[in-house]
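*Asks:*
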């Protein structure tokens, strides 16, 4: 039996949105914790319970990503050295910040990443 799952996000973030989704025959809503805060999680769960639609929590967790870059992409080659920051900066080929910030203190100068 096929089930329909919809991921919650900015386009589906109100009780009215969830009611419409439920009325369209969606079986579950998915909360992606890679892109949701704990406050989002609490809000989504409360709304799903109120509307009466089951929810799934995708707990993969945050993935390490760069912060904002001055260009859409940067090309790094093996052996390139970069400075990595925990605080937000506009990143370049030689320096950028990482998110989530708790990753940075785990790195040491000279680490291969």
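Residue numbers (the working numbering): 642 to 754. Glycine residues also receive a C-beta, built at the ideal position from the N, C-alpha and C atoms.
Which same chain residues, not among the five before or five after residue 749, have their C-beta less than 7 Å away from its C-beta?
*Replies:* none
*Asks:* Taking only runs that begin and end inside the segment 650-701, name each unbroken alpha helix (DSSP H) of 4 or more residues, in chain order.
*Replies:* 656-664, 679-692
*Asks:* Go ahead and pull the three-state DSSP assignment for residue 723.
*Replies:* coil
*Asks:* Using only alpha-carbon positions, find the residue among 643, 683, 652 that is nearest to residue 666.
*Replies:* 643
*Asks:* Consult DSSP for residue 647 and reduce its assignment to one of helix, strand or coil.
*Replies:* Strand at residue 647.
*Asks:* Where does residue 704 fall in DSSP's three states?
*Replies:* coil
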